[in-house]
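Asker: Residue numbers (UniProt numbering): 1 to 563.
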């Protein structure tokens with residue numbers, strides 16, 4: 001009994017002792033857990049309060065701008081305040097670019113700032129995107145606040161719009177250029193940022209998709225990095241011909257080597273011959289000059305243009321790319337006014353190229369896109385009123401038989417009543433011209449055998465011409481705005497292939513001498529463009545004269561910081 005009782009007592013005592021120990025340990029742990037929870041709650045509450053403070057600060061800024069206060073932060077004018085207000089209101093004013101409760105930039109912000117610092121690679125100005133303000137915060141991160149959030153979003157949207165549709169509105173420079181005027185979807189872009197899509201990928205998605213744009217971007221990088229020496233202007237006369245000695249040959253060779261037209265070597269040229277003539281001919285072709293190998297005035301003018309100026313030319317043409325509707329079509333026509341040519345593309349592959357004649361400087365061919373919908377064979381030509389007064393009336397005053405000689409019929413304006421030219425007092429007619437002149441189909445018709453119609457506000461179209469001798473000229477700005485095609489029947493047969501209409505059927509229609517309209521089974525996009533710099537598919541850098549003098553005003557507008 002004793003043993004048993006003693007054992008029971010011992011076990012009871014031991015168990016009670018251990019239980020008490022566990023109770024005390026549990027109490028200590030419980031207190032620790034409660035303390036931890038209290039501390040965590042304090043921290044969570046503090047974090048929530050700090051997060052709410054950032055959101056509230058953003059909200060207050062936006063509300064002030066909505067109330068009419070100047071949309072400006074420090075030296076940074078906010079240009080998209082309405083878009084910012086709409087987006088942040090929808091998202092509860094949560095920051096996109098900040099971390100640590102609005103005290104530091106997140107990775108997206110740092111990536112955006114890096115992109116903004118490098119926009120000169122696209123021919124744009126970093127200064128237009130608040131880079132001075134943001135750069136200061138990079139060097140002084142203690143100054144970062146919720147204001148930086150709104151500056152970053154404004155810079156991002158501004159850059160996106162410029163990459164998508166250009167910085168400069170072309171209609172502020174000329175009324176002869178109608179851009180596509182695309183507008184960024186701000187909400188969609190900012191949602192991508194919130195979803196951690198890399199900023200570089202977002203910007204890339206907005207760039208022109210044509211390979212010709214990316215080739216120009218690479219060219220700009222090369223020109224900006226090239227160590228080109230200062231070039232002294234070369235005298236423009238006399239011309240240098242085969243076999244001649246001239247002190248200008250050495251700098252000419254140096255420039256041709258820089259542009260890649262002459263192979264790299266230490267060879268000096270005392271006479272103009274051999275490889276140097278071949279290099280000059282290559283240079284002339286790349287500049288749209290007569291490739292005769294003679295170093296004349298126009299070739300010397302082109303050789304005098306420095307790499308810095310050519311970089312400016314590239315910048316201007318990059319902007320023109322951003323103005324374009326990027327959906328050019330699978331099968332389309334491009335007319336480059338400055339190159340006096342027409343090209344037909346299928347799946348971005350060149351399938352036809354033809355010389356064209358474009359508008360004179362004072363009757364410029366406009367830049368726009370449309371679709372060729374029908375062709376007219378053996379067309380009549382109704383002379384536009386302006387041309388009737390400025391061009392035809394002086395001819396008629398000199399010789400009244402001009403009308404009959406060139407197949408014109410005279411009608412009373414707004415009527416179908418034929419007027420006898422002999423009954424008109426031509427000497428009394430000036431700006432007021434109350435007649436309509438219609439030229440019959442035939443070999444003298446100004447539109448030739450066919451016209452390609454894409455009805456537009458400019459009344460511009462492609463057409464044949466009886467004045468074929470002009471196609472032999474290097475620069476071909478001779479028309480009144482419409483575009484004359486050198487081989488229109490071949491172009492017509494190409495466009496009418498889907499209609500099942502070949503050369504034989506076309507010749508049948510032409511031989512009938514009857515005016516015949518043929519609708520295209522599928523309308524073909526036509527893009528009237530103006531390029532003075534591009535890189536062709538073989539990688540050759542091409543430059544053309546700025547025949548309409550549009551480059552300098554555009555470059556000035558691009559390099560003017562936005563206030």
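Think of the CB as a built atom: it goes at the ideal place given N, C-alpha and C, for glycine as much as any other residue.
Using DSSP bridges, identify the partner residues of residue 343.
Answerer: 334, 353
Asker: Along the chain, where does the alpha helix (DSSP H) containing residue 553 start, and where does it finish?
Answerer: 551-559
Asker: DSSP has residue 87 in a bridge; who is on the other side?
Answerer: Under DSSP, residue 87 shares a beta bridge with no residue.
Asker: Across which residues does DSSP place residue 381 in a beta bridge pair?
Answerer: 439
Asker: My understanding is that residue 372 touches residue 197, with C-beta atoms under 8 angstroms, so please give their C-beta distance in whole angstroms.
Answerer: Incorrect: roughly 39 angstroms between the Cβ atoms, too far for contact.
Asker: Considering only residues of the region 135-218, which uninterrupted alpha helix (DSSP H) runs meet the minimum length of 4 residues and lie entirely inside it, listed in chain order?
Answerer: 146-165, 186-194, 199-206
Asker: When the Cα of residue 380 is compared with those of 63, 177, 475, 440, which residue comes out closest?
Answerer: 440
Asker: Leaving out the 5 sequence neighbours to the left and right, which residues in its chain are closer than 7 angstroms to residue 106 when beta-carbon positions are compared?
Answerer: 97, 98, 99
Asker: From residue 465 to residue 498, what distance separates their C-alpha atoms?
Answerer: 25 angstroms
Asker: If we call anything under 8 angstroms between Cβ atoms a contact, is residue 262 one with residue 273?
Answerer: no
Asker: Taking Cβ positions, are residue 160 and residue 206 nearer each other than 8 angstroms?
Answerer: yes
Asker: Exposed or buried, which one is residue 350 when buried takes at least 16 other CB atoms within 10 Å?
Answerer: exposed
Asker: I'd like to know whether the C-beta atoms of residue 438 and residue 377 end up nearer to each other than 8 angstroms.
Answerer: No. Outside cutoff.
Asker: Report the residue ranges of all alpha helix (DSSP H) runs contained in full by the region 225-310; include only those spanning at least 4 residues, in chain order.
Answerer: 249-259, 275-286, 297-303
Asker: Using the Cβ count rule (16 or more neighbours within 10 Å means buried), how would you classify residue 69?
Answerer: exposed
Asker: Going by C-alpha distance, which of 213, 456, 130, 178 is nearest residue 158?
Answerer: 130
Asker: Going by DSSP, what residue range makes up the alpha helix (DSSP H) through residue 115?
Answerer: 107-117 is the span of the alpha helix (DSSP H), which, as asked, contains residue 115.
Asker: Please specify which runs of the alpha helix (DSSP H), each continuous and at least 4 residues long, are wholly inside the region 382-442, giving them in chain order.
Answerer: 393-398, 402-405
Asker: Can we say the region 524-539 touches the region 328-337, given the rule of at least three CB pairs closer than 8 angstroms?
Answerer: yes
Asker: Are residue 269 and residue 228 close, meaning C-beta to C-beta below 8 angstroms?
Answerer: No, they are not a contact pair.
Asker: Please confirm whether residue 565 and residue 323 have their CB atoms less than 8 angstroms apart.
Answerer: No statement about residue 565 is possible, as the shown extent of the chain runs from 1 to 563 and does not include it.
Asker: Please classify residue 195: is it buried, with 16 or more other beta-carbons within 10 angstroms of its beta-carbon, or exposed?
Answerer: Sixteen is the threshold: since fewer than 16 other Cβ atoms of the shown chains lie within 10 Å of the Cβ of residue 195, the residue is exposed.
Asker: Can you name, in chain order, every residue of its own chain whose Cβ lies under 6 angstroms from the Cβ of residue 27, other than the five neighbours on each side?
Answerer: Bear in mind that a pLDDT of 48 at residue 27, under 50, signals an unreliable position, so the model cannot answer this.
Asker: Tell me the rounded alpha-carbon separation between residue 44 and residue 117.
Answerer: Any reading at residue 44 must be qualified, since the residue scores a pLDDT of 38, below 50, and its modelled position is unreliable; the value itself is stated next. The alpha-carbon atoms of residue 44 and residue 117 are separated by roughly 37 angstroms.
Asker: So if DSSP puts residue 484 in a beta bridge, which residue, or which two residues, is it bridged to?
Answerer: In DSSP, residue 484 forms a bridge with 357, 463.
Asker: Give the C-beta separation of residue 352 and residue 494 to the nearest angstrom, bearing in mind that I take them to be a contact with Cβ-Cβ under 8 angstroms.
Answerer: 6 angstroms
Asker: Excluding the 5 residues flanking residue 471 on each side, which residues of the same chain have their C-beta closer than 6 angstroms to its C-beta?
Answerer: 355, 486
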